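Protein chains in written order, with our numbering: chain W, 1 to 198; chain V, 199 to 661.
Everything on this sheet refers to the single structure shown next.
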Amino acid sequence: MEKFITHTGTALPLRRSNVDTDQIIPAVYLKRVTRSGYEDGLFAAWRKDPEFVLNKAEFKAATIVVAGQDFGTGSSREHAVWALQNYGFKVVISSRFADIFRSNSLKGGLLTVILPQESVEALWKAIEANPALALTVSLEDRTVSYDGESLGFELDDYTRWRLMEGLDDIGLTLKQTDSIDAFENVRSKLKPATLPVK
Amino acid sequence: MAGTLAEKIWAEHVVRRVQGEPDLLYIDLHLIHEVTSAQAFDGLRLAGRKVRRPELTIATEDHNTPTQNIDRPIADPVSKLQVDTLRNNCAEFGVRIHSLGDIDQGIVHVVGPQLGLTQPGMTIVCGDSHTSTHGAFGALAFGIGTSEVEHVLATQTLPLVRPKTMAINVEGALPAGVTAKDLILAIIAHIGTGGGQGYVLEYRGSAIRALSMEGRMTVCNMSIEAGARAGLIAPDETTFNYIRGRANAPQDWDAALAYWSTLTSDADATFDREITINAAELAPFVTWGTNPAQGLPLSQNVPDPALIQDPEERGAAQRALDYMDLKAGTPLKKIVIDTVFLGSCTNGRIEDLRVAAAILDGKHIASTLRMLVVPGSARVRLQAEAEGLDKVFIQAGAEWRNAGCSMCLGMNPDQLAPGERSASTSNRNFEGRQGKGGRTHLVSPLVAAATALRGTLSSPADL
Chain W
1 MEKFITHTGT ALPLRRSNVD TDQIIPAVYL KRVTRSGYED GLFAAWRKDP
51 EFVLNKAEFK AATIVVAGQD FGTGSSREHA VWALQNYGFK VVISSRFADI
101 FRSNSLKGGL LTVILPQESV EALWKAIEAN PALALTVSLE DRTVSYDGES
151 LGFELDDYTR WRLMEGLDDI GLTLKQTDSI DAFENVRSKL KPATLPVK
Chain V
199 MAGTLAEKIW AEHVVRRVQG EPDLLYIDLH LIHEVTSAQA FDGLRLAGRK
249 VRRPELTIAT EDHNTPTQNI DRPIADPVSK LQVDTLRNNC AEFGVRIHSL
299 GDIDQGIVHV VGPQLGLTQP GMTIVCGDSH TSTHGAFGAL AFGIGTSEVE
349 HVLATQTLPL VRPKTMAINV EGALPAGVTA KDLILAIIAH IGTGGGQGYV
399 LEYRGSAIRA LSMEGRMTVC NMSIEAGARA GLIAPDETTF NYIRGRANAP
449 QDWDAALAYW STLTSDADAT FDREITINAA ELAPFVTWGT NPAQGLPLSQ
499 NVPDPALIQD PEERGAAQRA LDYMDLKAGT PLKKIVIDTV FLGSCTNGRI
549 EDLRVAAAIL DGKHIASTLR MLVVPGSARV RLQAEAEGLD KVFIQAGAEW
599 RNAGCSMCLG MNPDQLAPGE RSASTSNRNF EGRQGKGGRT HLVSPLVAAA
649 TALRGTLSSP ADL
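And the structure:
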């Protein structure tokens, strides 16, 4: 996984709440067996509307999404994270994320930043007033900075460390194989098994 | 120390706990399907890793499989490649699979309980958000992304931060004609699509105890629609009777029963949040908008966004009405439906088909609509046929299909056309969920059947 330390870019003001995973990428785009090429499915239905904010020239190069509350609700499809990343987004800011989307994003290196709704509103206004506004998201300092403002956000130390080091979660867990073996040795024999087929 | 059921199950599965790190949690059962697993198996191959415990893993094909002509090759080459990839991966890594045409094929959340693999006290995961369904058995069950699927395949564990717990107490008796589906739609409307975020929900109270296993699965299934990754119900006689005699029911039944009987929240356990709902006040419930919290009792009218105080919610309601092509103030019962979909992991079980068939028996659906009946699994289909339900549906003018996710998410050919409006027993009414430009009203199987007869959103009481 690519390390995430700090990112500076322009932002997309997505003034919608409950942006569900079917909007981020509709199910018909989920049939591929690869992890790349999902950018064409990103917000596919909304992008058909020329007025949709992502279609505006001034936001085409944005790398940070600033969205309404409850971003990523719905399905567990990690394709939603891949679609945002494949398109070029590095960060999503919202006042609340759906649990599974948040977990998927932090596994895959797409930084999801939680800010209070008032800060999101202020950001929307600032971006709309100046689409070229540069935002800096520092994981090191846990801040979002723009225009002399600096907003702190919370992220647990463990996840922050993992993202800043670009570490593979599976590799970390496999270092604990002894603990897993020990657990399995005392695990209840009552639990079912799928094999052999009964 | 007193604990909630979710906390107890969690504690029993902690492999490793270190201050400042997520707990490493052991996973008892991993369910997989074609859409969210291919990239995970690829990851294993790239890293030269194996599936740690193939005997705790099971696969089925459900999301993009056709529900017609299942004896022929899948027509869509992209869908076919995805299904073939799952078959090849299962063969390579030694994972049991129930493919299209197999008697145990079906929607992953119908298959697990049906085989008796879903049992109280387990941790169960699947790359599908409706894994919360299995919580109906007193299991801690939740949806995961593909990176986590790979993690479980490789290690049989997941690093996770322990969620908070919320009690949802439903006291009293549901009125006649009010189902588990109406109950969960009302709960979601009450707490909102984000209200359950960060929590495991525990459904409790006399109305929950009175539900069948099918009803409990419907309730737990839609926990994710309230933002909660998992929802569960303490096991009781209803649970034990459902599992008894199934293929994978425990050999040592008495020992299992003794363990399962300990799986309740302690009387003095504290939940981080508690809400109480009076079952007697509930009525048939339908959605009018484009998220599952935008719902109302069927007897009411399409809401007027102008009357909503919160500007964000007001804007969302207006956008929803525009998308749904509805006018504020229209009685919900006047909404004309083009397609009725009976099926999905929410309402595709035998009991759902029985109650709908009882309403359609000897009658014919409105000439203005089509109705698809898609059993949740091949065995549900066979059971329905043994009871003659297929004939009831066919004589009523409905289409009797093979098992799968079908129109719930429109990944296979079963889709709404742009502008088409459905009454659907599924779980999501998101824009375009059932097909590009399609409009979805979420309903119970009873409302689905009554709507099919009248052509407009209706409950059996309207017949």
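Idealized CB from N, CA, C, for every residue including glycine.
No experiment lies behind these values; they were computed from the predicted model shown.
Sequence-ordered contacts of the stretch 176-196 of chain W with chain V read Q176, T177, S179, I180, A182, F183, E184, R187, S188, K189, L190, K191, P192, A193, T194, L195 and P196 [C-beta pairs closer than 9 Å]. Rounded to the nearest whole angstrom, the C-alpha separation of L519 of chain V and V484 of chain V is 15 Å. Spatial neighbours of R626 of chain V in its own chain (CB-CB distance under 8 Å, excluding positions within 5 residues in sequence) are listed in chain order as E423, P490, C606, L607, T638 and L640. Within the same chain, I548 come within 8 Å of Q581 of chain V by CB-CB distance, once the 5 residues on both sides are set aside.
If you check each beta-carbon in the stretch 26-57 of chain W against every beta-carbon of chain V, the ones closer than 8 Å belong to P26, A27, V28, L30, K31, R32, V33, T34, R35 and A45. The C-beta of L315 of chain V comes closer than 7 Å to at least one C-beta of chain W. DSSP places S622 of chain V inside the beta strand (DSSP E), whose first and last residues are R619 to S622. Contact annotation for R77 of chain W against chain V: T234 [CB-CB distance below 7 Å, chain order]. The C-beta of M415 of chain V comes no closer than 7 Å to any C-beta of chain W. The C-beta of S277 of chain V comes closer than 7 Å to at least one C-beta of chain W. Scanning chain W for C-beta atoms nearer than 9 Å to the C-beta of Y224 of chain V yields I180, F183, E184 and R187, reported in chain order. Contact of L254 of chain V with chain W by beta-carbon distance below 7 Å involves A193 and T194. Contact annotation, R360 of chain V with Q176 of chain W: C-beta distance approximately 18 Å; criterion of less than 8 Å not satisfied.
Annotation: Cβ neighbours of L174 of chain W in chain V (cutoff 9 Å, chain order): R247, A352 and T353. In chain order, V323, G325 and L356 place their CB closer than 8 Å to the CB of E346 of chain V, counting only its own chain and leaving out the 5 sequence neighbours on each side. For N130 of chain W, no CB of chain V lies under 7 Å from its own CB, so it is not counted at the interface with that chain. Per DSSP, the beta bridge partners of L430 of chain V are V:E400. Of all residues in the stretch 608-633 of chain V, only G608, M609, R626, F628, E629, G630 and R631 place a beta-carbon less than 8 Å from a beta-carbon of chain W. Per the C-alpha coordinates, the member of W:N18, W:D49 and W:A62 positioned closest to S95 of chain W is W:N18.
Under DSSP, C324 of chain V forms a beta bridge with V:L229 and V:G341. F97 of chain W is bridged by DSSP to W:F71.
Assignment of P318 of chain V by DSSP, reduced to helix, strand and coil, places it in the coil class.
Separation of A453 of chain V and T321 of chain V (C-alpha to C-alpha, rounded to the nearest whole angstrom) is 19 Å.
Inside the stretch 551-594 of chain V, DSSP marks whole alpha helix (DSSP H) runs of 4 or more residues at positions 576-584 and 587-593, from first to last along the chain. With a cutoff of 7 Å on beta-carbon distance, A555 of chain V and L587 of chain V are scored as near each other. As for any alpha helix (DSSP H) of minimum length 4 sitting wholly inside the stretch 356-427 of chain V, the runs are 378-389, 404-407 and 411-419, ordered along the chain. The beta carbons of L496 of chain V and V645 of chain V sit about 7 Å from each other, so the pair counts as a contact at 8 Å. For Y158 of chain W, the nearest CB of chain V lies under 7 Å from its own CB, placing it at the interface with that chain.
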